[in-house]
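Enquirer:
There are 2 protein chains.
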Amino acid sequence: MDFDVSSHADGHALQRLLDELGRLPGVGPKSAQRIAYHILGADPEEARRLATAILEVKQQVHFCPICFSYATHDVCDVCGDQSRDRTRICVVSEPRDVSAIERTGTYHGLYHVLGGVISPMDKIGPEQLHVRELLSRLADGDVTEVILATNPDVEGETTATYLSRTIKPLGVDVSRLASGLPVGGDLEYADEVTLGRAIEARRML
Amino acid sequence: MDFDVSSHADGHALQRLLDELGRLPGVGPKSAQRIAYHILGADPEEARRLATAILEVKQQVHFCPICFSYATHDVCDVCGDQSRDRTRICVVSEPRDVSAIERTGTYHGLYHVLGGVISPMDKIGPEQLHVRELLSRLADGDVTEVILATNPDVEGETTATYLSRTIKPLGVDVSRLASGLPVGGDLEYADEVTLGRAIEARRML
Chain A
37 MDFDVSSHAD GHALQRLLDE LGRLPGVGPK SAQRIAYHIL GADPEEARRL ATAILEVKQQ
97 VHFCPICFSY ATHDVCDVCG DQSRDRTRIC VVSEPRDVSA IERTGTYHGL YHVLGGVISP
157 MDKIGPEQLH VRELLSRLAD GDVTEVILAT NPDVEGETTA TYLSRTIKPL GVDVSRLASG
217 LPVGGDLEYA DEVTLGRAIE ARRML
Chain B
37 MDFDVSSHAD GHALQRLLDE LGRLPGVGPK SAQRIAYHIL GADPEEARRL ATAILEVKQQ
97 VHFCPICFSY ATHDVCDVCG DQSRDRTRIC VVSEPRDVSA IERTGTYHGL YHVLGGVISP
157 MDKIGPEQLH VRELLSRLAD GDVTEVILAT NPDVEGETTA TYLSRTIKPL GVDVSRLASG
217 LPVGGDLEYA DEVTLGRAIE ARRML
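If you're matching them up, the sequences are chains A and B in order.
Quick note on numbering: the first sequence equals residues 37 to 241 in the working numbering.
Quick note on numbering: the second sequence equals residues 37 to 241 in the working numbering.
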């Protein structure tokens, strides 16, 4: 199937928009076309707001220097929130996993985003992740528990096992999200209740 | 389910992007979040290209003054293409329907976009559509056939019946896309082969 429309009325600007929309995750050629025609038919102000939101999110959002989640201020809202429980750090693979856990309302500690998982196939070892920064956060002794919330798939389990072996000798409790999450699944897509229960029923390692 | 993330790391810029993405057709809260995180993690140049494509499509694309499809030049590419068959006009509801028919490669005539369909419930009658402009295109006698390609649903059939009764007295042949399209369906989502066959097997009214 060919969705090239440059041969008729819509011209090059529409084709460029279709190309760019088609790069987005979960947006196939038909979805891209539907979105593009929606934008064409929309209030110009709505299109401008969408374009501005895309540009501003790139300009204003950066990595938190403490936990490596996304931040709009010097540090992210969690690291900057003095009411959070500073004795617990929940370790996740990606910033989106922070959002997933925050939505459960179950967890009130801090986070640490690894920026990926250990994957020898992709030549990603602990040195390529924010592991060193995690260990230095544990050095001052305030943190008593690290919750390993990497995905329940092969790389996530490998990463959790590695971190558990590295952190336990420091005298810090290490826990893992409870089973209950579908094995081989993706933490990002778990519903709030399931993920919330998995946090509450986390098992000590 | 609440996808508000303004309470933590991602801040307001991300929430604004989620809000804007959520307005797009077929993009629910989870898709919006997936796309937003893709944009956050993407090359800044890719985000800039997407934002630019959205703005440019609104700046550069306007309605063709002849057929009311989208155009980037004075008239749309179909109206401006002297090799098209100028004895036939295919009447569609929306500009996206022009794209759908162009993709079949079956039709080489001209188009006329009504800008909607007759819908008494929404107070849309022939006066609210580009019917008058269609009739004046038929006045010079070059056009010998009008193909009514509105959707095979209630409003589309009503519109086709109205146009057929209005146009046939002018001595112009009037045809309708063949059955074969799923009744109650949407022309925009028909596959090329089905839609192409429906054009070839159009029935005279």
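Glycine is no exception: its CB is placed at the ideal position from the N, C-alpha and C atoms.
(1) Could you tell me which chain B residues have their CB closer than 7 Å to the CB of A:I90, listed as they occur along the chain?
(2) Going along chain A in order, which residues have a C-beta closer than 7 Å to the C-beta of B:S67?
(3) Comparing C-alpha positions only, which one of B:T108, B:E191, B:H148 sits nearest to B:L174?
(4) To which residues does DSSP link B:Y147 through a beta bridge?
(5) Would A:K159 pass as an interface residue toward chain B - the criterion being a Cβ-Cβ separation below 8 Å?
(6) Looking at the structure shown, is B:A87 part of a helix, part of a strand, or coil, going by DSSP?
(7) Span of the beta strand (DSSP E) holding A:I183?
(8) Spell out whether any CB of chain B is found under 8 Å from the CB atom of A:T142.
(9) Return the CA-CA distance between A:L213 and A:T123, expressed in angstroms with no decimal places.
(10) Please report how far the alpha carbon of B:V167 lies from the alpha carbon of B:A89, in whole angstroms.
(11) Measure from the C-beta of A:R233 to each C-beta in chain B and report whether the shortest distance is under 8 Å.
(12) A:H74: which of B:E228, B:L241, B:E224 sits nearest, CA to CA?
(13) A:T197 and B:A49: beta carbons closer than 8 Å?
(14) Would you decide whether A:V179 is buried or exposed? Buried here means 16 or more other CB atoms lie within 10 Å of its CB.
(15) Just the chain B side, please: which residues come within less than 8 Å of A:R59 by C-beta, in chain order?
(16) Can you list, in chain order, the residues of its chain with a C-beta nearer than 7 Å to that of B:H144? Leave out the 5 residues immediately preceding and following it.
(17) In chain A, what lies closer than 8 Å to B:I183 by C-beta?
(18) Can you confirm whether the stretch 96-114 of chain B touches the stretch 198-206 of chain B when touching is taken to mean that 3 or more C-beta pairs between the two stretches lie within less than 8 Å?
(19) Among B:T142, B:Q118, B:R132, B:I137, which one has its Cα closest to the Cα of B:F99?
(20) Would you check if the distance between the CB atom of A:A68 and the CB atom of A:L76 is smaller than 8 Å?
(21) Nearest-angstrom Cα distance between A:R70 and A:L170?
Expert: By the coordinates alone:
(1) L53, I75, A83, L86, A87
(2) Neighbours of B:S67 on chain A, chain order: G62.
(3) For the options B:T108, B:E191, B:H148, the alpha carbon positioned closest to that of B:L174 is the one of B:H148.
(4) For B:Y147, which the question treats as bridged, DSSP gives the partners B:C126.
(5) Answer no: the Cβ-Cβ gap between A:K159 and chain B never drops below 8 Å.
(6) helix
(7) 181-184
(8) no
(9) 17 Å
(10) If you take the alpha carbons of B:V167 and B:A89, they lie about 32 Å apart.
(11) No, its Cβ sits nowhere closer than 8 Å to a Cβ of chain B.
(12) Of B:E228, B:L241, B:E224, the residue nearest in Cα terms is B:E224.
(13) no
(14) buried
(15) E82, L86
(16) Excluding the 5 residues flanking it on each side, B:H144 has same chain C-beta neighbours closer than 7 Å at R120, D121, in chain order.
(17) Going along chain A, no residue has its Cβ under 8 Å from B:I183, so there is no contact; the nearest lies around 16 Å.
(18) no
(19) B:R132
(20) no
(21) 44 Å
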